[in-house]
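Participant:
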Amino acid sequence: MTYSLTGGFSLPRSRPEAFRRHDRQEQILMFLLLVPALAVIVTLLLVPLLWLAWQSVYHDGFTLENYRRILSEDVYWHSFLQTFRIAFIVTAATILLGYPVAYVAASLPRRWSIVVLAMVVLPFWTSVLVRAYAWLILLQRTGIINSILKSLGLIDTPLILVNNEFGTVIATVHILLPFMVLPLYATMQKIPAELTMAGASLGGTPAHVFLRVFLPLSLPGIIAGSVLVFVLTLGFYITPELLGGGRTFMVSMLVSRNVELYNEWGAASSISVVLLACVFAIFWAASRLIPVERLMGMR
Numbered sequence: 001m002t003y004s005l006t007g008g009f010s011l012p013r014s015r016p017e018a019f020r021r022h023d024r025q026e027q028i029l030m031f032l033l034l035v036p037a038l039a040v041i042v043t044l045l046l047v048p049l050l051w052l053a054w055q056s057v058y059h060d061g062f063t064l065e066n067y068r069r070i071l072s073e074d075v076y077w078h079s080f081l082q083t084f085r086i087a088f089i090v091t092a093a094t095i096l097l098g099y100p101v102a103y104v105a106a107s108l109p110r111r112w113s114i115v116v117l118a119m120v121v122l123p124f125w126t127s128v129l130v131r132a133y134a135w136l137i138l139l140q141r142t143g144i145i146n147s148i149l150k151s152l153g154l155i156d157t158p159l160i161l162v163n164n165e166f167g168t169v170i171a172t173v174h175i176l177l178p179f180m181v182l183p184l185y186a187t188m189q190k191i192p193a194e195l196t197m198a199g200a201s202l203g204g205t206p207a208h209v210f211l212r213v214f215l216p217l218s219l220p221g222i223i224a225g226s227v228l229v230f231v232l233t234l235g236f237y238i239t240p241e242l243l244g245g246g247r248t249f250m251v252s253m254l255v256s257r258n259v260e261l262y263n264e265w266g267a268a269s270s271i272s273v274v275l276l277a278c279v280f281a282i283f284w285a286a287s288r289l290i291p292v293e294r295l296m297g298m299r
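In the UniProt record's numbering, the protein residues as written are 1 to 299.
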């Protein structure tokens with residue numbers, strides 16, 4: 001340690017170099033620790049995605065025929081439009097149903113809020129396939145709902161509740177509702193109760209305080225839950241396959257048909273790439289509104 005002319009003591013020149021060498025060694029060690037995780041990500045995620053993209057543009061040479069078919073053939077347009085329409089309907093329904101549940105859970109004492117959340121998460125213990133078959137039993141022409149309505153004299157002939165878009169939406173909303181409730185609850189729990197109390201003390205009615213104070217503060221939870229539900233709905237396969245009855249033809253089913261019936265891996269890959277691009281666009285648009293870490297549920 002030496003004394004400088006400007007006053008004070010300074011470290012020798014060799015010490016900063018030692019610090020930099022230590023930082024480099026620490027960075028190398030951290031990278032070596034990350035190598036196994038990076039290898040798994042590259043092997044199980046990046047390589048299949050690259051193979052998918054390659055399959056979509058290569059068939060006996062480079063070609064964009066698969067993408068041209070998506071833009072020109074009506075069956076592709078109809079499938080994408082129906083998929084996005086169902087995703088919008090399901091997202092809106094989960095907001096309407098999930099917001100009151102999350103609000104009640106956030107308002108109750110912690111012991112009772114845990115009970116409410118446990119009831120919300122409980123369906124996760126059951127397979128999606130089992131829940132889809134359960135809704136098929138409930139909604140079919142001789143199912144429980146039609147039987148009850150007929151015994152009460154409310155209907156003369158059974159309602160057509162399955163093998164259409166309605167049954168698909170009902171089952172999908174039930175399956176994805178927890179993905180809306182949990183982000184909403186996490187956001188509402190962080191809203192200070194003093195803010196609503198202050199609004200009420202200033203003369204605001206409960207409805208006015210809710211609309212002007214609580215609802216705007218809960219918007220990040222609404223956005224995060226909406227993105228999760230919307231994106232998950234885009235890739236749903238089992239539920240529309242069972243309850244759609246061939247009348248609900250979503251993008252996932254289009255991919256399956258191209259592979260299983262027509263052995264058209266290029267066409268299936270191009271559809272998957274377009275759907276993946278739509279998902280990335282949705283996440284990018286949502287990240288402009290709220291931080292990515294909150295969108296992904298990291299905080």
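By construction, the Cβ of each residue, glycine as well, lies at the ideal position given by its N, Cα and C atoms.
In this text, all values refer to a predicted model and were calculated from it rather than measured experimentally.
Quick check on the burial criterion: 16 or more other C-beta atoms within 10 angstroms. Buried or exposed for I28?
Facilitator: By the 10 Å Cβ count, I28 comes out exposed.
Participant: How long is the line joining the alpha carbons of Y262 and V255, rounded to whole angstroms?
Facilitator: Their Cα atoms are separated by approximately 10 Å.
Participant: Pairing CB atoms from the region 221-241 with CB atoms from the region 197-207, are three or more of them under 8 Å?
Facilitator: Output reads no: the region 197-207 does not touch the region 221-241.
Participant: Would you mind reading off the limits of the alpha helix (DSSP H) that contains N146?
Facilitator: From DSSP, the alpha helix (DSSP H) with N146 extends over 144-151.
Participant: Using DSSP's beta-bridge definition, name the partner residues of F210.
Facilitator: BP columns for F210 are empty, so no partner.
Participant: Could you have a look at F62 and say whether DSSP puts it in helix, strand or coil?
Facilitator: In the structure shown, F62 sits in a strand (DSSP, three-state: E or B).
Participant: Mind checking S79: buried by the 16 CB within 10 Å criterion, or exposed?
Facilitator: Its Cβ being crowded by 16 or more others within 10 Å, S79 is buried.
Participant: Can you tell me whether DSSP reads residue 308 as helix, strand or coil?
Facilitator: There is simply no residue 308 to check, as the chain begins at 1 and stops at 299 in what is shown.
Participant: DSSP state of P216, grouped into three classes?
Facilitator: Three-state result, P216: helix.
Participant: Between the alpha carbons of G297 and P100, how many angstroms are there, rounded?
Facilitator: Caution is warranted here: a pLDDT of 48 is assigned to G297, below 50, making its placement in the model unreliable, and no coordinate value can be reported.
Participant: Give the DSSP-derived three-state secondary structure of T83 in the structure shown.
Facilitator: Helix at T83.
Participant: What is the DSSP secondary structure of P192, reduced to helix, strand or coil?
Facilitator: Coil, per DSSP.
Participant: If the criterion is Cβ atoms closer than 8 Å, does the pair F179 and V120 meet it?
Facilitator: Cβ atoms of F179 and V120: not closer than 8 Å.
Participant: Pick out whichever of I70, S56, I95 has its Cα sitting closest to the Cα of L183.
Facilitator: Before going on, a small fix: residue 183 reads as Pro here, not Leu. Here the closest residue by C-alpha is I95.
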